[in-house]
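Peer 1:
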């Protein structure tokens, strides 16, 4: 089982960003124009070119039968890595060795054609994903069954509802049988019920059929549920590879922490912030050290913006923005402020906290963004509480009834 | 290990042609998709394939035969002579425009799935070939209309189909690759096609054209690969057309077909690695 099926060494992918061109492609007119300019001698090019390393110095290897979750924030290079592994784009450096048939699912329904019927699209999409016609034919009934659209098989997919479309598309993909399956954030589509079905199918693929799966998702709980190994990328670099739980722990806590310190800059700046690492129940405490270089006392608002780790906004709390009477008066020099926020309605899970110090509707003095994180736990409660990982949102509302008989 | 891939920058893959063979099913199915969609989407699809060559032929016959009064010594009706040249030319023209837009039109496939990219322009040339076959039926109708019996060498025609296919695929592939990088090529292609119809022996035969070209420059006329293809076509249909195989410049055309094909494949393979980033 410890045989390596994918070996990546020194992998790098560089993009050249040209700040002159508006689009990614050039026109012949531009190219000729540039050449003529350089012939004439006015070699002054106002093109600023910038190298951008989407991936750099990546080394890892994956064993046969592993289910590997790739985590990282937006722009960390996850999708680029998958594209290189699935041979869609060429690396600029390094080497990848793959010992097996690889199929990639970077999008659900790639190549589906609106004018063609469901049946025709199954064959088309199957071929695009690398299945032979015989293979598709053999699994046709299973695919149709999984998708649950058998009554519309001979209807052009342009008449499908978006749900049906996604179900059919995933059904085809789910019946791929490569040795290595590469999956990008495709579970973000479809309803909760279907997502569960898809996760189950993927679990079956990796656990019971012993295939190797590479899985990118922002849904940390799905990754934890599905994968046994993890890879953590940050800004194109490999931060760590290991067991999924360690990797997720590191990912969730890294970059963000429950404290943050920075150098003062500008008139008013936050020099240090500290929040509870784990909030059990209702109240979380935020301690802020704010330096003011303004001689007189200065009223400011402090806003707390809450997000999930995947940057979905969850809630907002403020001291002073809604009610100017409650603004904080900062004195010259260092101020220490302790705020309390009621997070009782938050679901169990991890959150980011961004803090703004502002004069409402006038200016931002300082903000702390993507640095602070905390976890909501509800250990004392006997009742079950909402968990973020259920995908029902991050706020648990209170509901009461009055039974009328 | 049955299956092994090594990905390295700048390396042309050793199993490139093997890969194309392995993806042949995708090639069939993409061609089938293009054909199906083409004739499904436009109810006029088939009619269009009939009308376009027919109307062009009528105009050309009128302009060259009646207005310009280009006399032929041929006993074959002029419309048939024109049509025999029109068929391969329209195939060529369609292939160029279809192929050059094919990659850009399949952007989602290119950025989301790996397969040898050459499949896409190739399958679009196949679609044009179906149009070509439909137009071919008109030729047969013309035979009956004029009560004309083609020579027995019309049986060689499928050979010239392959020739026309190769002649179209080369430039088509080249333009496809360029069109991904330089998007304004799509404005150049219709112009090339329009221009080309007049420097190719479409409305007139190549003997008529060569009459006005000094003999030491006649080889230039045959740098156009379609000149040779059209000559061959016409020879297989028109009883008293000269045999192109006895005409030395014809081989220049053949050499050009081969040269363009090789160049195009080379260029395409060079650029194909960056398609996903460029498109």
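Residue numbers (full-length UniProt numbering), protein chains in the order written: chain L, 1 to 405; chain A, 1 to 279.
By construction, the Cβ of each residue, glycine as well, lies at the ideal position given by its N, Cα and C atoms.
(1) Can you give me the start and stop residues for the alpha helix (DSSP H) that residue 225 of chain L sits inside?
(2) In whole angstroms, what separates the C-alpha of residue 251 of chain A from that of residue 200 of chain A?
(3) Determine whether the Cβ of residue 33 of chain A lies closer than 7 Å to any Cβ atom of chain L.
(4) At a Cβ cut of 8 Å, what residues of the stretch 82-101 of chain A count as close to chain D, listed as they run along the chain?
(5) Quick one: is residue 152 of chain L near chain A, going by C-beta distance under 7 Å?
(6) Which of the three DSSP states is assigned to residue 297 of chain L in this structure?
(7) Using DSSP's beta-bridge definition, name the partner residues of residue 184 of chain A.
(8) In whole angstroms, what is the alpha-carbon distance linking residue 23 of chain L and residue 29 of chain L?
(9) Under three-state DSSP, which class holds residue 267 of chain A?
(10) Considering just the uninterrupted stretch of the beta strand (DSSP E) at residue 3 of chain A, what are its terminal residues?
(11) Can you check whether the CB of residue 388 of chain L is closer than 7 Å to the CB of residue 332 of chain L?
(12) With DSSP collapsed to three states, give me the class of residue 216 of chain A.
(13) Using the C-alpha atoms, what's the distance from residue 395 of chain L back to residue 375 of chain L?
(14) How long is the line joining the alpha carbons of residue 263 of chain A and residue 94 of chain A, rounded to whole angstroms?
(15) Who are the near neighbours of residue 151 of chain A in its chain, counting only those whose CB is closer than 6 Å to its CB and skipping five residues on each side?
(16) Please state the DSSP three-state secondary structure of residue 356 of chain L.
(17) Quick one: Cα of residue 148 of chain A to Cα of residue 51 of chain A, how far?
(18) Closest to residue 256 of chain L by C-alpha separation, out of L:73, L:340 and L:141, would be which residue?
(19) Could you tell me the distance, in whole angstroms, from the CA atom of residue 123 of chain A to the CA atom of residue 28 of chain A?
(20) Rounded to the nearest angstrom, what separates residue 312 of chain L and residue 386 of chain L at their Cα positions?
(21) Terminal residues of the continuous alpha helix (DSSP H) containing residue 279 of chain A?
(22) Quick one: residues in its chain with C-beta nearer than 8 Å to the C-beta of residue 235 of chain L, no 5 flanking neighbours on either side, listed in chain order?
(23) Report yes or no: do the stretch 169-187 of chain A and the stretch 259-274 of chain A share at least 3 C-beta pairs separated by less than 8 Å?
(24) Consider the Cβ of residue 276 of chain A: report whether some Cβ of chain L lies at a distance smaller than 7 Å.
(25) Against chain L, does residue 190 of chain A count as a neighbour if the rule is that its beta carbon must be under 7 Å from one of theirs?
(26) Note down the Cα distance separating residue 62 of chain L from residue 179 of chain L, rounded to an integer number of angstroms.
(27) Mapping the DSSP letters down to three states, classify residue 377 of chain L as helix, strand or coil.
(28) If we define contact as Cβ-Cβ less than 7 Å, is residue 195 of chain A a contact residue for chain L?
(29) Could you check whether the stretch 118-125 of chain L touches the stretch 28-40 of chain A, counting it as contact only if at least three pairs of C-beta atoms, one from each stretch, sit closer than 8 Å?
(30) For the stretch 82-101 of chain A against the stretch 157-170 of chain A, do three or more pairs of beta-carbon atoms, one drawn from each stretch, fall closer than 8 Å, so that the two count as touching?
(31) If we ignore side chains and look at the alpha-carbon of each, how far apart do residue 254 of chain L and residue 232 of chain L end up?
(32) By the three-class DSSP mapping on this structure, what secondary structure does residue 22 of chain L have?
(33) In chain order, which beta strand (DSSP E) runs of at least 3 residues are fully inside the stretch 275-326 of chain L?
(34) Considering just the uninterrupted stretch of the beta strand (DSSP E) at residue 232 of chain L, what are its terminal residues?
(35) So within the stretch 24-66 of chain A, which uninterrupted alpha helix (DSSP H) runs reach at least 4 residues, ignoring any that extend past its ends?
(36) With DSSP run on the structure shown, which of helix, strand or coil describes residue 394 of chain L?
Peer 2: Walking through what the data contain:
(1) By one-based count along the first chain, residue 225 of chain L stands at place 225. Taken as a continuous stretch (DSSP letters only), the alpha helix (DSSP H) holding residue 225 of chain L covers 220-226.
(2) One-based indexing of the second chain puts residue 251 of chain A at position 251. One-based indexing of the second chain puts residue 200 of chain A at position 200. Cα to Cα, residue 251 of chain A sits roughly 16 Å from residue 200 of chain A.
(3) By one-based count along the second chain, residue 33 of chain A stands at place 33. So, interface residue.
(4) Judged by its chain identifiers, the structure shown contains no chain D, and its protein chains are L and A.
(5) In the first chain, counting from the first residue as 1, residue 152 of chain L sits at position 152. Closer than 7 Å: no.
(6) By one-based count along the first chain, residue 297 of chain L stands at place 297. Note: residue 297 of chain L maps to coil in three-state DSSP.
(7) Working through the second chain from its first residue, we reach residue 184 of chain A at position 184. Beta-bridge pairing links residue 184 of chain A to no other residue.
(8) Looking up residue 23 of chain L in the first chain gives position 23. Looking up residue 29 of chain L in the first chain gives position 29. Low confidence applies here, because residue 23 of chain L scores a pLDDT of 49, under 50, leaving its location unreliable; read the following figure in that light. About 14 Å.
(9) One-based indexing of the second chain puts residue 267 of chain A at position 267. Helix.
(10) Position 3 of the second chain holds residue 3 of chain A. From DSSP, residue 3 of chain A is part of no beta strand (DSSP E); its letter is neither H nor E.
(11) Against the first chain, residue 332 of chain L aligns to sequence position 332. Against the first chain, residue 388 of chain L aligns to sequence position 388. No, the Cβ-Cβ distance between residue 332 of chain L and residue 388 of chain L is not below 7 Å.
(12) What you label residue 216 of chain A is simply residue 216 of the second chain in a count that begins at 1. Helix at residue 216 of chain A.
(13) One-based indexing of the first chain puts residue 375 of chain L at position 375. One-based indexing of the first chain puts residue 395 of chain L at position 395. Those two C-alpha atoms are separated by around 14 Å.
(14) Walking along the second chain from the start, residue 263 of chain A turns up at place 263. Walking along the second chain from the start, residue 94 of chain A turns up at place 94. Using only the alpha carbons, I get a separation of about 21 Å.
(15) Here residue 151 of chain A corresponds to residue number 151 of the second chain, with the count starting at 1. The residues are 239.
(16) Taking the first chain and counting its residues from 1, the one referred to as residue 356 of chain L is at position 356. If DSSP states are grouped into helix, strand and coil, residue 356 of chain L belongs with the strands.
(17) Sequence index remark: in the second chain, residue 148 of chain A carries index 148 (1-based). Sequence index remark: in the second chain, residue 51 of chain A carries index 51 (1-based). Cα to Cα, the separation comes out at about 22 Å.
(18) For the purposes of this step, residue 256 of chain L is identified with residue 256 of the first chain, where counting begins at 1. Looking at the Cα atoms, L:73 is the closest of the given residues.
(19) Residue numbering aside, residue 123 of chain A sits at position 123 when the second chain is read from its first letter. Residue numbering aside, residue 28 of chain A sits at position 28 when the second chain is read from its first letter. A direct Cα-to-Cα measurement between residue 123 of chain A and residue 28 of chain A gives close to 8 Å.
(20) Here the question's residue 312 of chain L lines up with position 312 in the first chain. Here the question's residue 386 of chain L lines up with position 386 in the first chain. If you draw a straight line from the Cα of residue 312 of chain L to the Cα of residue 386 of chain L, it comes to about 17 Å.
(21) By one-based count along the second chain, residue 279 of chain A stands at place 279. Segment: none, residue 279 of chain A is in no alpha helix (DSSP H) and carries neither H nor E.
(22) By one-based count along the first chain, residue 235 of chain L stands at place 235. Excluding the 5 residues flanking it on each side, residue 235 of chain L has same chain C-beta neighbours closer than 8 Å at 75, 76 and 77, in chain order.
(23) yes
(24) For the purposes of this step, residue 276 of chain A is taken as the residue at position 276 of the second chain. So, interface residue.
(25) The residue given as residue 190 of chain A occupies position 190 in the second chain. It does not: the Cβ of residue 190 of chain A has no partner Cβ on chain L nearer than 7 Å.
(26) The residue labelled residue 62 of chain L in the question sits at position 62 within the first chain. The residue labelled residue 179 of chain L in the question sits at position 179 within the first chain. Using only the alpha carbons, I get a separation of about 13 Å.
(27) As a position in the first chain, residue 377 of chain L is number 377, starting the count at 1. Correct three-state label for residue 377 of chain L: strand.
(28) Residue numbering aside, residue 195 of chain A sits at position 195 when the second chain is read from its first letter. Chain L contact via Cβ: absent.
(29) yes
(30) yes
(31) Counting from 1 along the first chain, the entry for residue 254 of chain L is found at position 254. Counting from 1 along the first chain, the entry for residue 232 of chain L is found at position 232. One C-alpha to the other measures close to 10 Å.
(32) Residue mapping note: residue 22 of chain L aligns to position 22 of the first chain, counting from 1. Note on residue 22 of chain L: pLDDT 47, under 50, position unreliable in the model; no value is reported.
(33) 278-280, 283-292, 298-308 and 313-319
(34) Walking along the first chain from the start, residue 232 of chain L turns up at place 232. For residue 232 of chain L, the enclosing beta strand (DSSP E) starts and ends at 229-234.
(35) With a minimum length of 4 residues, the continuous alpha helix (DSSP H) runs that stay inside the stretch 24-66 of chain A are 24-41 and 45-60.
(36) Your numbering for residue 394 of chain L matches position 394 in the first chain. Looking at residue 394 of chain L - three-state DSSP - the assignment turns out to be coil, as it is neither helix nor strand.
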